[in-house]
Structures are given as structure tokens and as C-alpha cells.
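Enquirer:
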Amino acid sequence: MSNPDASDGGLNILCIDGGGARGLSAPIIVEEIMKRIQPMKKLNSPPGPYQCFDVIAGTGTGAVQACMLGRLRMPVHSAIVAYANLAKDVFSEKKRWGSGSFKTTKLKDSLRNIIQIATGDPDEPMMDRQQEGTQCKTVVFAMSRHNMRAGIPTAFRSYHVTANASPECTIWEALCATMAHPDLFKSFDIGSPPLSQSFVDAGLGCNNPLAHVLAEVKAIYPDRYVASITSIGTGHTRTIQIPDTSMLRRLLPIAALVATKDIATDTERVAEEIARRFSSMQDVYF
1 MSNPDASDGG LNILCIDGGG ARGLSAPIIV EEIMKRIQPM KKLNSPPGPY
51 QCFDVIAGTG TGAVQACMLG RLRMPVHSAI VAYANLAKDV FSEKKRWGSG
101 SFKTTKLKDS LRNIIQIATG DPDEPMMDRQ QEGTQCKTVV FAMSRHNMRA
151 GIPTAFRSYH VTANASPECT IWEALCATMA HPDLFKSFDI GSPPLSQSFV
201 DAGLGCNNPL AHVLAEVKAI YPDRYVASIT SIGTGHTRTI QIPDTSMLRR
251 LLPIAALVAT KDIATDTERV AEEIARRFSS MQDVYF
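The opening residue of the sequence shown carries number 1 in full-length UniProt numbering; numbering runs sequentially from there.
#1: At the level of alpha carbons, what is the spacing between isoleucine 229 and leucine 210?
#2: Could you check which residue in Ile171, Phe156, Ser144 and Asn85 has the C-alpha nearest to that of aspartate 121?
#3: Quick check on the DSSP output: the beta strand (DSSP E) that includes asparagine 12 runs from which residue to which?
#4: Which first and last residues belong to the alpha helix (DSSP H) in which alanine 66 is found?
#5: Would valine 81 and glycine 23 be called neighbours here (beta carbons separated by less than 9 Å)?
#6: For the beta strand (DSSP E) that isoleucine 229 lies in, which residues bound it at each end?
#7: Return helix, strand or coil for threonine 170, following the three-state DSSP convention.
#8: Going by C-alpha to C-alpha distance, which of Ile115, Met179 and Ser192 sits closest to methionine 68?
#9: Whose C-alpha, out of Pro182, Thr178 and Asp183, is nearest the C-alpha of isoleucine 190?
#10: Could you check if tyrosine 83 is buried or exposed, using at least 16 other CB atoms within 10 Å of its CB as the buried criterion?
#11: Using 9 Å as the limit for Cβ to Cβ distance, is tyrosine 83 near chain D?
#12: How would you label arginine 36, buried or exposed, when you count the other beta carbons within 10 angstroms and need 16 or more for buried?
#13: Does DSSP put alanine 180 in a helix, in a strand, or in coil?
#14: Could you give the C-beta distance for serine 198 and arginine 145, rounded to a whole number, given that I count them as a contact under 8 Å?
#15: Can you check DSSP and say which residues form a bridge with glycine 58?
#16: Write down the C-beta distance between alanine 155 and glutamate 216 rounded to the nearest angstrom, noting that I regard them as a contact closer than 8 Å.
#17: Return helix, strand or coil for arginine 36, following the three-state DSSP convention.
#18: Considering Cα atoms alone, identify which of Ile152, Gly10, Thr104 and Ala118 is closest to serine 78.
#19: Is it the case that the Cβ atoms of aspartate 183 and alanine 142 are separated by a distance below 9 Å?
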């Protein structure tokens, strides 16, 4: 992988699928990748993903991890611990009534705590206004609740674009929007009425957002080529079985596990399409 500071080189992209209860597997895989890069680059310690990738993207739980690793620049191990604590806090108690199985307020509080520790400001904006053009960019996706049939997600970016600008919001608001799977949380509104927008988990339309990420990359880096794509999924739909003895089943209620299976429906199809697209290029798509 090249260094993101090498502005004339190829682009390295990390894309993390939504994974529901299985989401913890993704940062563990990223941690192993960083450990393998360390000796290759002759480093004293594993690098941070933000030092290796030009763009880090995700949906659902993958969006939470993308922001931890990219926008917040958290060490991978810290992100693993923070995500595990978030899952425990958020999914420990089911709602007694209302839409969604779990409380958005608990998700909000857990996210704000993570952001507070990382930046000192729990209401840190999603847009990184201090970011230089060569630094790692983060983009996460949610689906407009009123326009789901179009299948086009809304992008929440850490960087400025001239067309199709992102909603102005905090990091935690963007993540609450992308985590709002109907089986887990109620839809999430961003903005003030009458101009507010309601969002749900992009996993309902693009659980693997890589095709949208590549379109985004082409728009922001029209003169650069893609050197590598690391796309991390969390399992094939046909193999998702969580046995009764699984630690996940003991830790998480059944609603979270049902959503885990449901949100993976289009992931494999997108992965196969991208694999065909880059089939003639060696060592690009992983």
C-alpha cells in the first residue's frame, strides 16, 4: 500500500460492510492487516488505518468502525474495545414499546462518549474542516426513509464536495442514521423541521457500499487510479447460522441476530460484481 500523502500515487480504499451482531469481525481483520503491513514497511509498531488508506468507508456497524478508524483516527485495538463496549451497552436492554428493538438514546450516548474520548468534543462535526487534501477521507452511508426505492444512499462525508453535499451534522448523528435498521432502531431524523430528513440503515439497500464508494472516489480523485481495494464483509448470507452455544447469542437478543441475517442480502451480489470489474487487474481487489 502507498502512503496517502503520496498524492500522485494510486489510491488505497478500505470498505467495511454492515454486519449487525457480526460487526466485531471487521476491525479484528483490519488489526491483522496492520500487523502484516508493519514488517513490510519496517515500522516499529503497526500503523493506523488512516495512515494506509486514502478513503475509509462503511455502512451500519461498518460505518461506526470506518469513523473510528478514519475520522477519529483511533488505534485499531482501541476501536475494537470501544465497539465491543458499545454493542454491550446498546444491546443489553430491549425497548418495551415503540419502533425498533433498542433505544436510540443509548446508541447516541455510547457514540458521544467514544467521540468525546477521541476528540474532546462529543458533538464533533462529521465534516473535518481542518483536514488537508492529502489526508485520509471517511464516508459513511444511510438511506433516506422516504426514498428507499431509488436505492441511492446519502453519503455523510468528512470532506467537502461541490455536488450532492452531505447533510450538516455531527459524527454521532451520521452514525445513528446509518445504524437505524428497523429491526434494531427507529428511523433517525437529521435537521430541524420542516427541513429535517429521516434516515434508515443503508444496509436495507446497499449493505456493501463499494460500488457507491468507487463512484465517490472517481469524483473526488478524477486524475488518480485505484491501487488497492480492501473490502471487508462479515459473512455470506447462506452461511449465517448462529448456534445456541454462540457467545453472540448469549450476549445479544434475538432481534439483533435476525437483523444480522437480513442486512446481508445484497452484499455478496455487489462483491461478485466488483470482482468481475477488477478481474483483469492483479492485486487490486481483496
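Just so you know, even glycine gets a beta-carbon here, dropped at the ideal spot from N, CA and C.
Expert: Per the coordinate set shown:
#1: Numbered from its first residue, the sequence shown carries residue 229 at position 229. Numbered from its first residue, the sequence shown carries residue 210 at position 210. Computed Cα separation, rounded: 9 Å.
#2: Looking up residue 121 in the sequence shown gives position 121. Per the Cα distances, Ile171.
#3: For this step, residue 12 is matched to residue 12 along the sequence shown. Here the beta strand (DSSP E) through asparagine 12 covers 11-16.
#4: Numbered from 1 along the sequence shown, position 66 holds the residue referred to as residue 66. 61-66 is the span of the alpha helix (DSSP H), which, as asked, contains alanine 66.
#5: As a first step, residue 81 is located in the sequence shown; it is residue number 81 there, counting from the start. As a first step, residue 23 is located in the sequence shown; it is residue number 23 there, counting from the start. It is not a contact, given that the beta carbons lie outside the stated cut-off.
#6: In the sequence shown, the residue the question calls residue 229 occupies position 229. 226-232 is the extent of the beta strand (DSSP E) around isoleucine 229.
#7: Position 170 of the sequence shown, counted from the first residue, corresponds to residue 170. In this structure, threonine 170 counts as strand in the three-state DSSP scheme.
#8: The count along the sequence shown starts at 1 and reaches residue 68 at position 68. Ranking Ile115, Met179 and Ser192 by Cα distance to methionine 68 puts Ile115 first.
#9: Against the sequence shown, residue 190 aligns to sequence position 190. For the residues Pro182, Thr178 and Asp183, the minimum Cα distance to isoleucine 190 belongs to Thr178.
#10: Residue numbering aside, residue 83 sits at position 83 when the sequence shown is read from its first letter. The residue is buried, with at least 16 neighbouring Cβ atoms inside 10 Å.
#11: This model lacks chain D altogether; it includes just one protein chain.
#12: Position 36 of the sequence shown, counted from the first residue, corresponds to residue 36. A residue is called buried when at least 16 other Cβ atoms come within 10 angstroms of its Cβ; arginine 36 does not meet this threshold and is exposed.
#13: The sequence position of residue 180 within the sequence shown is 180, counting from 1. In this structure, alanine 180 counts as coil in the three-state DSSP scheme.
#14: Reading the sequence shown from its first residue, position 198 is the one you call residue 198. Reading the sequence shown from its first residue, position 145 is the one you call residue 145. Yes, they are in contact, since the Cβ atoms of serine 198 and arginine 145 sit about 4 Å apart, within 8 Å.
#15: Here residue 58 refers to the residue found at position 58 when the sequence shown is read from its first residue. Glycine 58 is bridged to Ile16 and Val140.
#16: Looking up residue 155 in the sequence shown gives position 155. Looking up residue 216 in the sequence shown gives position 216. So it is a contact: roughly 6 Å between Cβ atoms.
#17: Start at 1 with the first residue of the sequence shown, and residue 36 comes out as number 36. Helix.
#18: Within the sequence shown, numbered from 1, the residue matching residue 78 stands at position 78. The candidate whose alpha carbon is nearest that of serine 78 is Ala118.
#19: Walking along the sequence shown from the start, residue 183 turns up at place 183. Walking along the sequence shown from the start, residue 142 turns up at place 142. Their beta carbons are not under 9 Å apart, which means aspartate 183 does not touch alanine 142 by this criterion.
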